[in-house]
Structures are given as C-alpha cells and as structure tokens.
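Novice: The structure that follows is given in the form of structure tokens.
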Amino acid sequence: MPELPEVETVRAGLESLITGRTVLACSVLHPRPVRRHERGVDDFQATLVGRTFATPRRRGKFMWLPFVDGDALMAHLGMSGQFRVDSPAAPLLSNTRVLVDLDDGQQLRFVDQRMFGGVWVSPGGADLPEEVRHIALDPFDPHFDAVKVAHRIALKHSGIKRVLLDQTVVSGIGNIYADETLWRERLHYDTPAASLGIRKLAATLRTARSVMAEALTQGGTSFDALYVNVNGESGYFDRTLHAYGQEGRPCDRCGAPIRRDHFMNRSSFFCPRCQPRPRRQG
DNA sequence: CTGTGGTCCTGTATGC
DNA sequence: TGCATACAGGACCACA
C-alpha cells in the first residue's frame, strides 16, 4: 500500500508493535528484497540479531526502523510490499520474503508480491539514512514549507503532475493522490507548472496534504489484499476517490465521464470538463 | 535540465 | 479450455 498515507499507516502500526523489541533471529526466504543490502543475504540475517528497535520513522514513501545503536533497518514497500506482525505459528502468506523473530514472541514479516520493494540495513542511518537524503520533505513534515516548494516548482519547465510525482521536489505523492489532488484543484495533469503562479502552486501542495491526511484517517487506500496494514486490515479511502480508477463514471462535480489517459507510462484519471487541457503554454 | 522508455517482478482480469 | 495481452499504489537508469 505504497503512497504516503499507506506507508504512514504501516509505520504507525509498527511503532506500537516493535519499538523497544530486540531481534532474536532473522530468516530471508527470497534474496531479491534484500538486494540493496550491500554485504549480502547472510550478513543481513546475522547483523539484525541482538539489535533493539527504536521508534520507526518515515520520509515520503521511505520508512526506516532505527536501532538504538544508531544503525537502521531501511524499508521501501515498492508497489506491493507489506509488513505484518504475527505469531510465528500463523501460516505464512504467499510471497512472504523475510522473517524477523522478536523478543516478545511475535514475528515481523515482510511480504512483497512483485518485490520492487525491499529491506536493508543502513549503517549509521538511524537519524537520516543516506538513502533518503535525496528525497524531499513530504507535506506532513513539520519543516515542509508549501510556499518555498512552490517557488522551486515555478522554475520548472515541466507539467504539474510530473512535478508532483518527483520525489526530489515533494515526496510521498504517488499516482492516486496526484490524480485526486489535481481533480480537487481542477488542473489538467499536463498543465505547465510554471504557468500556475506561486499562490496556486502552494494551494495545490496544501490540497495534496489534506487529501493524504484524509486518506490517513481512513487507513489509506486498499483496492485488494495487496494493501493492508500490519494487522491485515484494509483502508477505506477508495470510497472517497473522485478521479483515480473512476474511468467512465460521472464526475462527482459536473457529471461528465471521467477519462483515462496514458501518461508517463501509467494512467492518469481526470474529468475532461473540470480539468481541461490548457489551450496554450505559459 | 526535461522527457521517454525500459527494467526489475508476480498476479489478476479480460479478450479471442 | 487455453493462450495472449494489458495492467497494477514505484524507483531508477540510460539515453535523446
């Protein structure tokens, strides 16, 4: 369940379940999700043992589980990653990739169908892992400044959706929340970002924040069993979506059928009447 | 710098 | 029924 609200739902779930827990054992069932651990699978399994988790952190879609010794277990959910906390006796879900036994008798499990995600250890990464330094602040960060980011976006020669999805400009927004934000702001995905002006850009960033905050209260967006929280529960924000996945359904504002375009090698959902393509550049 | 297209994977839905 | 194709909440890289 991998945009900011889904990752934050998982992070918060892990916070209550693993903070203060010590690792007793680790078992990697598939090497691929550990590919970013530079010292290899065996080292990954061995190096976790005896470590104690501090409070899980997040920036954008990256999450890390700091250890009290200053290193961190990095995690990215990719398209289909999940963390589950279960009894070791509970049957394994298919696509379970990594098992971590904890000192309270529970087991932390990383499950990932497509394996675009992964887990690895970041030496010294407890505060701000090196792997996350190129990722911009997300709209939930206390230091996030919408006006400042708007000024940066205003210099870009690029379409607004492309910019919203650029994790080095603002992080945490993915395809669902980009489309929902643009629908609320009545913006076509290919509107030149620089043409919008600082006020509109800042408003768009604040809208992105509120859409994701709303989704967070619903536990995120789950379309299927691939996206669930650490207890296996689904989120319910899919009931609130106005654009994403709504192709052919009437726009909740004007009734025109929602359209789907291919854009950036994925889909863009939008209302052709509320969000018309701008007639000219600039 | 901007944009495109491919790559990494598994699984489901749809169409012929 | 089988088989092929399209598509999926992401990140990264090579290349024009």
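Quick note on numbering: the numbering used here labels position 221 of the first sequence as 210, and the sequence is numbered without any gaps.
Ideal placement from N, C-alpha and C gives every residue a C-beta, glycine not left out.
Every value quoted in this text rests on a predicted model; they were computed, and no experiment measured them.
In chain order, what residues of the same chain have a beta carbon less than 7 Å from the beta carbon of Pro261, not counting five sequence neighbours either side?
Specialist: The answer, listed in chain order, is Ala245 and Arg248.
Novice: Apart from the five residues on each side of it in sequence, which residues of its chain come closer than 6 Å, Cβ to Cβ, to Pro45?
Specialist: Answer for Pro45: Arg0, Leu3, Glu4 and Leu54, listed in chain order.
Novice: For Gly224, does the count of other Cβ atoms within 10 angstroms reach 16, so buried, or fall short, so exposed?
Specialist: Gly224 comes out buried.
Novice: Looking at Gly59 and Ala115, is the spacing between their C-beta atoms short of 8 Å?
Specialist: Yes. Within cutoff.
Novice: Taking just the CA atoms, how far does Glu(-3) sit from Leu18?
Specialist: In a straight line, the C-alpha of Leu18 is about 26 Å away from that of Glu(-3).
Novice: Cα separation between Leu230 and Asp90?
Specialist: Roughly 38 Å separates the two Cα atoms.
Novice: Out of Val23, Ala197, Pro112 and Ala14, point me to the one whose CA is closest to Leu171's CA.
Specialist: Per the Cα distances, Ala197.
Novice: Please list, in chain order, all residues of the same chain as Thr193 whose beta carbon is under 6 Å from its beta carbon, the five residues on each side excluded.
Specialist: Closer than 6 Å at the Cβ level, and outside the excluded window around Thr193, lie Glu174.
Novice: To the nearest angstrom, report how far apart Pro(-6) and Arg28 are at their CA atoms.
Specialist: Computed Cα separation, rounded: 32 Å.
Novice: Going by the CB atoms, is the gap between Ile124 and Arg195 shorter than 8 Å?
Specialist: Contact flag unset, no.
Novice: Could you compute how far the alpha carbon of Ala232 sits from the alpha carbon of Cys240?
Specialist: For Ala232 and Cys240, the distance between alpha carbons rounds to 8 Å.
Novice: How would you write the range of the beta strand (DSSP E) that Arg98 sits in, first residue to last?
Specialist: Taken as a continuous stretch (DSSP letters only), the beta strand (DSSP E) holding Arg98 covers Gln96 to Asp101.
Novice: Less than 8 Å between the C-beta atoms of Ser257 and Tyr166, yes or no?
Specialist: Not in contact: Ser257 and Tyr166 (Cβ atoms no closer than 8 Å).
Novice: In whole angstroms, what is the alpha-carbon distance linking Pro20 and Leu13?
Specialist: Going from the Cα of Pro20 to the Cα of Leu13 covers about 20 Å.
Novice: Given Gln270, which residues of its chain have a CB within under 8 Å of its CB, disregarding the five upstream and five downstream residues?
Specialist: Bear in mind that the predicted position of Gln270 carries a pLDDT of just 48, short of 50, making it unreliable; the figure below should be weighed with that in mind. The answer, listed in chain order, is Pro181 and Ser184.
Novice: Which residues in the same chain as Gly67 place their Cβ atom closer than 6 Å to its Cβ, once the five residues preceding and following it in sequence are excluded?
Specialist: Around Gly67: Phe105 and Gly106.
Novice: Once the 5 residues before and after Glu169 are set aside, which same chain residues still bring their CB inside 8 Å of it?
Specialist: Cβ neighbours of Glu169 beyond the five flanking positions: Val200, Leu230, His231, Ala232 and Tyr233.
Novice: Could you tell me if Val110 is buried or exposed, where buried requires 16 or more neighbouring beta carbons within 10 angstroms of its beta carbon?
Specialist: Result: buried.
Novice: Along the chain, where does the alpha helix (DSSP H) that runs through His140 open and close?
Specialist: Its alpha helix (DSSP H) spans residues Ala135 to Ile142.
Novice: What residue from Val136, Glu120, Pro80 and Leu176 has the CA that sits closest to Arg268's CA?
Specialist: Among Val136, Glu120, Pro80 and Leu176, the Cα nearest to that of Arg268 belongs to Leu176.
Novice: Smallest Cα separation from Tyr216: which of Thr11, Met52, Ser69 and Gly9?
Specialist: The candidate whose alpha carbon is nearest that of Tyr216 is Ser69.
Novice: To the nearest angstrom, report how far apart Phe33 and Glu222 are at their CA atoms.
Specialist: Going from the Cα of Phe33 to the Cα of Glu222 covers about 29 Å.
Novice: Under a three-way DSSP split, which group does Gln264 fall into?
Specialist: Here Gln264 sits in coil by DSSP.
Novice: Buried or exposed: Ala35, going by 16 or more other Cβ atoms within 10 Å of its Cβ?
Specialist: Exposed: under 16 other Cβ atoms inside 10 Å.
Novice: If you follow the alpha helix (DSSP H) that Arg295 is in, where does it begin and where does it stop?
Specialist: The question about residue 295 has no answer, for the chain in this structure spans -10 to 271.
Novice: Between Thr41 and Val30, how many whole angstroms is the CB-CB distance? I'm expecting something under 8 Å.
Specialist: With a Cβ gap of about 22 Å, Thr41 and Val30 do not count as contacting.
Novice: Measure from the alpha carbon of Gln130 to the alpha carbon of each residue in Lys50, His65 and Leu81, then state which is nearest.
Specialist: In the sequence as displayed, the identity of residue 130 is Asp instead of Gln. Out of Lys50, His65 and Leu81, Lys50 has the C-alpha closest to the C-alpha of Asp130.
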